[in-house]
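To keep things clear, I will list the structure first and then write my remarks on it.
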Amino acid sequence: MAQMTMVQAITDALRVELARDEKVLVFGEDVGKNGGVFRATEGLQKEFGEHRVFDTPLAESGIGGLAVGLGINGFRPVAEIQFFGFVFEAFDAIASQAARMRYRSGGRYHSPVTFRSPFGGGVKTPELHADSLEGLFLQTPGVKVVIPSNPYDAKGLLISSIRDNDPVIFLEHMKLYRSFRQEVPEGEYTLPLGKANVVREGSDVTIITYGAMVHTSLKAADELEKMRGAKAEVIDLRTINPLDMETVIESVKKTNRAIVVQEAQKSAGVAAEVIAQINEKAILHLEAPVLRVTSPDTVYPFAMAEDIWLPDVQRVVDGLLQVLDF
78 MAQMTMVQAI TDALRVELAR DEKVLVFGED VGKNGGVFRA TEGLQKEFGE HRVFDTPLAE
138 SGIGGLAVGL GINGFRPVAE IQFFGFVFEA FDAIASQAAR MRYRSGGRYH SPVTFRSPFG
198 GGVKTPELHA DSLEGLFLQT PGVKVVIPSN PYDAKGLLIS SIRDNDPVIF LEHMKLYRSF
258 RQEVPEGEYT LPLGKANVVR EGSDVTIITY GAMVHTSLKA ADELEKMRGA KAEVIDLRTI
318 NPLDMETVIE SVKKTNRAIV VQEAQKSAGV AAEVIAQINE KAILHLEAPV LRVTSPDTVY
378 PFAMAEDIWL PDVQRVVDGL LQVLDF
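Written out as structure tokens, the structure is:
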């Protein structure tokens, strides 16, 4: 198997699907000749032609509308929103059109559209380039939201997303694009959407997280074991809509304590939903209230304040100690 970064694994997934199905189209701002702002589509236009991989005007609303139109006409569009902070311009196409197509048409039409987008902080981007807006789409029935944390998952989950017959939002954390390499199989393979992964076994407390915070949480779990000898189980949700609560609840029943770690702001997000469902389904198994470790409820800060705004290893360790000492 090849050693790939996450962005290389994403390019490989796109190449696999473009080669497999002529109905797959890749488009967005600068994705053609330039290969995308992060080079995720590098070389694909040359390999598959300008009719399969092409640039669009600088207009996310147009990208969204084009994706929906192509989807209901038999194509499998993979549309790139260059930075997820600009998804508001395409929100109507995603939430009001793509997400409702199957219901609205009584099953006559569906929207096999994948919206890819970089997101997330820690790389000192300008305003509106790092926001974690996934919670908006957790509350949008009809769309799936996928957030990989490593190259292997990114390729398998992206291929599954492109093959899905309903709209998928595929979010790629910028900090993870080139932060490490991992063995990734050549050719095609898929991973199921809506299935979480237990990335670290533990017995004393559960950490539920996704995206770049998986790696922060793994470091915190190691630190906790050094400090206390306590073993934290870490669950990578991989998909936040739908949530794999079966895996979460099974872990909570084993450890009896949990925290949820997310990069996004605290209120009304993924962590809030996970905690609500734990309370509904496993409250009698809890030895302490489930805690959130998140960013504060402010707009995403300018670069100079980013490091103190984002959750770090120490804040996760503090959260773990709080539920262990309750």
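Residue numbers for the sequence shown, in our numbering: 78 to 403. Glycine included, each C-beta is placed from N, C-alpha and C at the ideal position.
Residue range of the beta strand (DSSP E) that includes residue i
i	result
Thr26	The question about residue 26 has no answer, for the chain in this structure spans 78 to 403.
Met81	79-81
Glu47	This structure leaves residue 47 out entirely; the chain is present only between 78 and 403.
Which of helix, strand or coil DSSP assigns to residue i
i	result
Pro203	coil
Lys232	helix
Gln216	coil
Ser194	strand
His362	helix
Val325	helix
Asp89	helix
Asn227	coil
Lys252	helix
Val376	coil
Val164	helix
Bounding residues of the alpha helix (DSSP H) (the contiguous stretch that carries residue i)
i	result
Thr293	290-305
Gly139	137-149
Asn318	It is not in any alpha helix (DSSP H) - Asn318 instead sits in the beta strand (DSSP E) that spans 316-318.
Lys343	Unbroken run through Lys343: none, as it is neither H nor E.
Gly396	390-401
Glu157	Per DSSP, Glu157 belongs to no alpha helix (DSSP H); it is in the beta strand (DSSP E), 153-157.
Ile171	Taken as a continuous stretch (DSSP letters only), Ile171 belongs to no alpha helix (DSSP H), as it is neither H nor E.
Phe104	It is not in any alpha helix (DSSP H) - Phe104 instead sits in the beta strand (DSSP E) that spans 101-105.
For residue j and residue i, believed in contact at Cβ under 8 Å, the rounded distance
i	j	result
Leu205	Phe163	7 Å
Pro319	Gly271	5 Å
Val394	Ala307	Not really, about 11 Å apart at Cβ, beyond 8 Å.
Phe165	Leu248	Going by Cβ atoms, the distance from Phe165 to Leu248 rounds to 15 Å, so no, they are not a contact pair.
Given residue i as reference, the closest of the options once Cα atoms are compared
i	options	result
Ser344	Leu320, Glu300, Leu210	Leu210
Gln259	Val276, Val282, Asn227	Asn227
Val282	Ala156, Gly139, Leu398	Leu398
Arg185	Asp313, Asn242, Val84	Asn242
Val84	Ala96, Arg97, Ala117	Ala117
Tyr254	Pro262, Ser194, Val351, Pro269	Ser194
Ser138	Val93, Val351, Phe192, Thr88	Phe192
Met178	Asn150, Gly199, Phe161, Thr202	Asn150
Thr375	Leu387, Ala79, Glu364, Val367	Leu387
Ile285	Ser238, Val261, Ala335, His292	Ala335
Glu157	Gly141, Asp321, Leu301	Gly141
Glu340	Gln354, Lys252, Gly183	Lys252
Asp132	Gly113, Glu124, Arg153	Gly113
Asp169	Gln391, Gly279, Glu364, Leu213	Leu213
Ala349	Ile360, Pro218, Ala359, Val337	Val337
Buried or exposed by the 16-neighbour rule on C-beta atoms within 10 Å, applied to residue i
i	result
His128	exposed
Gly264	exposed
Ile171	buried
Leu147	buried
Val400	buried
Met290	buried
Ile385	exposed
Ile239	buried
Ala382	exposed
Residue i at chain B interface by Cβ criterion, 9 Å
i	result
His128	The question asks about chain B, but that chain is absent: this structure has only one protein chain.
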